[in-house]
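Note sheet for the following structure.
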Amino acid sequence: MSDLIKPSLGIMNLQQTVRKFQLSRVAPSEDLAFLIRHYWIIRWDLRGQEPYTQHVIPNPCVNLVVEPGQSAIYGPGKEKYGHHLEGQGCVFGVKFKPGGFYPFFKQPVSGMQAGPLSVQSVFDADPLRLETDMFAQTDEPQMVALIERMIRPKLPEQDEQVTFINEIIDYINKQPDITKVDSLCEHFHVNKRTLQRLFDHYVGVTPKWVIKLARIQNAAEMTDVSVRPNWSKLSMDLGYHDQSHFIKDFKSIIGQTPDEYARQAQ
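Counting in full-length UniProt numbering, the final residue of the sequence shown is number 266, and the numbers go up one at a time with none missing.
Set out below in structure tokens:
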């Protein structure tokens, strides 16, 4: 198993959260790395304090979440979601790479928008036993070893479509001025309908939504570290020709206008 890796962003109001919980992200073992991005572990101790809800920007990944009484496999969300933290606790998660869950599931991931899957339906693991065993472990390497023992018997053959999808999404994230799916089709020499079908089956959301998400996540992260963002300049830097369109997209994912989010982040 690889060493601890630096957390990526996506946590909203990042600077306000450090006193509320601890987040670790651990790279998977080499044989699982072609489908799994990382494991994440959240620990908190809010005994004697008010409960806290941490909001997270959505992402085009499937997550397997091990949590007392609530373990399940969740498809990509389309708007921000929250983790309610109260008392003392721990949650363990598996974040699959975009498209990385499809080879296990073998059904269109877009169907997961209807609701989460049971862990047992995909990995033949009793969720209550998994929860008991997981939270009996004394450290993170043992937790990771436990989940990898569950996953390995179901490990599918490597699927080159997963690699292709991740190349596309990496390109989107590195090119914030990309605004149209046609630009992706031209760059990767792929038919638009083929690309849309590929994302529907493997990712669960459209390439158009992934483009919008990348731009809005970029904006939210810039807002977290800027005292007084220049919305007009920021929206233009992200390829928006109309600031009202930027505000509409921002609110559709974050749930707040850029101004509201900036005030809360400060």
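No residue lacks a Cβ here, since even glycine has one placed at the ideal position from N, Cα and C.
Subject >> Rounded separation between L23 and E157 - CA only >> reply: As a position in the sequence shown, residue 23 is number 23, starting the count at 1. As a position in the sequence shown, residue 157 is number 157, starting the count at 1. Cα-Cα distance, rounded: 31 Å.
**OP:** Please confirm whether V119 and I73 have their CB atoms less than 8 Å apart.
**Re:** Residue 119 sits at position 119 when you count from the first residue of the sequence shown. Residue 73 sits at position 73 when you count from the first residue of the sequence shown. Their beta carbons are under 8 Å apart, which means V119 touches I73 by this criterion.
Subject >> Distance, I247 Cα to R37 Cα >> reply: What you label residue 37 is simply residue 37 of the sequence shown in a count that begins at 1. What you label residue 247 is simply residue 247 of the sequence shown in a count that begins at 1. In a straight line, the C-alpha of R37 is about 31 Å away from that of I247.
Subject >> the stretch 195-204 in contact with the stretch 213-221 per 3-pair CB rule at 8 Å >> reply: no
**OP:** Report the option in A220, M112, H187 whose CA atom is closest to the CA atom of D249.
**Re:** By 1-based counting over the sequence shown, the position of residue 249 is 249. Among A220, M112, H187, the Cα nearest to that of D249 is on A220.
Subject >> Own chain residues within Cβ distance below 6 Å of Q256, not counting five before or after >> reply: The residue labelled residue 256 in the question sits at position 256 within the sequence shown. Correct list: empty, nothing qualifies.
**OP:** Can you tell me which of the three DSSP states S118 falls into?
**Re:** For the purposes of this step, residue 118 is identified with residue 118 of the sequence shown, where counting begins at 1. Coil.
**OP:** Would you please state the rounded distance, in angstroms, between the beta carbons of P60 and I178? I believe it to be under 8 Å.
**Re:** For the purposes of this step, residue 60 is taken as residue 60 along the sequence shown, with counting starting at 1. For the purposes of this step, residue 178 is taken as residue 178 along the sequence shown, with counting starting at 1. In fact, because the Cβ distance is near 15 Å, the residues do not count as touching under 8 Å.
**OP:** Pick out the complete beta strand (DSSP E) segments inside the stretch 37-69, 3 residues or longer, and give them in chain order.
**Re:** 52-56, 63-66
Original post:
Taking the alpha carbon of S121 as the point to measure from, which residue in K208, I151, F96, D45 has its own alpha carbon closest?
Top reply: Here residue 121 is taken as the residue at index 121 of the sequence shown, counted from 1. Nearest of K208, I151, F96, D45 to S121, Cα basis: I151.
**OP:** Tell me whether L213 sits in a helix, a strand or coil according to DSSP, three-state version.
**Re:** By 1-based counting over the sequence shown, the position of residue 213 is 213. L213 falls in the helix class under three-state DSSP.
Subject >> Q264 (DSSP reduced to helix, strand or coil) >> reply: The residue given as residue 264 occupies position 264 in the sequence shown. Helix at Q264.
**OP:** Evaluate contact between the stretch 224-243 and the stretch 122-138, counting only Cβ atoms and requiring at least three cross-stretch pairs below 8 Å.
**Re:** no
Subject >> Which of helix, strand or coil DSSP assigns to I73 >> reply: Stepping through the sequence shown from its first residue, residue 73 is reached at position 73. I73 falls in the strand class under three-state DSSP.
Original post:
Going by alpha carbons, who is nearest to P98 out of L234, V210, G239?
Top reply: Here residue 98 refers to the residue found at position 98 when the sequence shown is read from its first residue. Measuring from the Cα of P98, the nearest candidate turns out to be V210.
Original post:
Three-state secondary structure (DSSP) at G93?
Top reply: Stepping through the sequence shown from its first residue, residue 93 is reached at position 93. Strand at G93.
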